[in-house]
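Here is the structure we will look at, set down as structure tokens.
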Amino acid sequence: MKKNNDVEIEVKFYVLSLKEIEQKILKLGGTLLQERCFESNLRFDTADGHLRNQRHVLRLRKDKENILTFKGAAEAGKPVSIRQEIEVLVDDFDTARTLLEGLGFEVVMAYEKYRTTYSLLDTLVVLDELPYGNFIEIEGPNGTSIQKVARNLNLNWKARVMTSYTYLYEALRKERPELQGKYLTFEELKGMRFMPDELGVSPADLP
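For what it's worth, this note's numbering labels the leading residue of the sequence shown as -1, then goes sequentially.
Listed below in structure tokens is the structure:
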């Protein structure tokens, strides 16, 4: 996503209707930047969970490109997520994975989603479809611009989600023991339904 000096400033919301949100984006003059696209993600860590313990993320993503991403820990006490983010395009997904594994990292989570990306005002708004539900992410130059767009989309600011998709899945696993050993993929979670309270979230698009 768009960078501001390698700093990611964003917030996400759990929503019930992506279609209605998309209609609002278009009505507000949003521009489609990327049509609905499938993403496959691998999250890496050391065997002793060093990155997780530091609240860091090392991720390899495959969509229309192959992107290696490092994220630092989010700043504490902020109304939006602010964290260092460094991204590098790589030519070959499998080679990049082999390199990371050769350096001692291992895959600790695989997750998939479909993502559609819009620009709206001075922000990026992405519509994410995951195996356990639908989300909106808004990324901008500062918290004020993000709040403005959220307000224009009639999203409940108090319902914003400050954690990652993988963290939400870990919380879901605690509620649903049958998910232990399963990755966050459409195939592994096929036919399963999940309630917002199992994820610890609330719909932000309720009246």
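Cβ atoms here follow ideal geometry from the backbone N, Cα and C, with glycine treated the same way.
Residue-level contact to chain C via CB, residue i, 8 Å cutoff
i: Leu119; result: In the structure shown, chain C does not exist; there is a single protein chain.
Other residues of its chain near residue i: CB distance less than 6 Å, five sequence neighbours each side excluded
i: Lys180; result: Glu186
i: Arg158; result: Val9, Phe11
i: Arg53; result: Ala71
i: Arg50; result: Asp43
i: Val55; result: Lys69
i: Asn227; result: Lying outside -1 to 205, the shown extent of the chain, residue 227 is not represented and no answer is given.
i: Tyr112; result: Arg34, Phe36, Glu127
i: Met(-1); result: Interpretation of Met(-1) is limited by its pLDDT of 45, a score under 50 that renders its predicted location unreliable; no figure is taken from the coordinates.
Beta-carbon spacing of residue i, residue j below 8 Å
i: Val105; j: Phe42; result: yes
i: Asn150; j: Leu14; result: no
i: Glu110; j: Glu37; result: yes
i: Phe103; j: Thr164; result: no
i: Glu135; j: Leu16; result: no
i: Val123; j: Val147; result: yes
i: Ala108; j: Leu166; result: no
Per-residue burial, residue i [other beta carbons within 10 Å of its own, 16 or more giving buried]
i: Pro175; result: exposed
i: Ser162; result: buried
i: Leu177; result: buried
i: Arg191; result: exposed
i: Val86; result: exposed
i: Thr121; result: buried
i: Asp90; result: exposed
i: Asn152; result: exposed
i: Thr142; result: exposed
i: Gly138; result: buried
i: Ile84; result: exposed
i: Leu204; result: exposed
i: Leu118; result: buried
i: Leu101; result: exposed
i: Leu40; result: buried
For residue i: DSSP bridge partner residues
i: Arg57; result: Arg41, Thr67
i: Thr114; result: Leu125
i: Val159; result: Lys10
i: Gln82; result: Val5
i: Gln32; result: Thr115
i: Tyr109; result: Asn39, Leu182
i: Phe133; result: Tyr12, Asp126
Sequence-distant residues of its chain with Cβ nearer than 7 Å to residue i (five each side left out)
i: Glu173; result: Glu196
i: Leu206; result: No information on residue 206 is available, as it lies outside the stretch -1 to 205 that the chain covers here.
i: Asn2; result: Low local confidence applies: a pLDDT of 46 at Asn2 is under 50, so the model's placement there is unreliable, with the coordinate-based value given in what follows. Contacts found: Pro139.
Cut-off 8 Å between Cβ atoms - residues of its own chain near residue i, not counting five sequence neighbours on either side
i: Asn64; result: Leu58, Leu87, Val88, Asp89, Asp90, Phe91, Ala94
### Query
Is there contact between the region 76 to 84 and the region 5 to 18, where contact requires at least three CB pairs shorter than 8 Å?
Touching, yes.
### Task
Please determine if the region 89 to 106 and the region 25 to 34 are in contact, where contact requires at least 3 C-beta pairs separated by less than 8 Å.
The region 89 to 106 is not in contact with the region 25 to 34.
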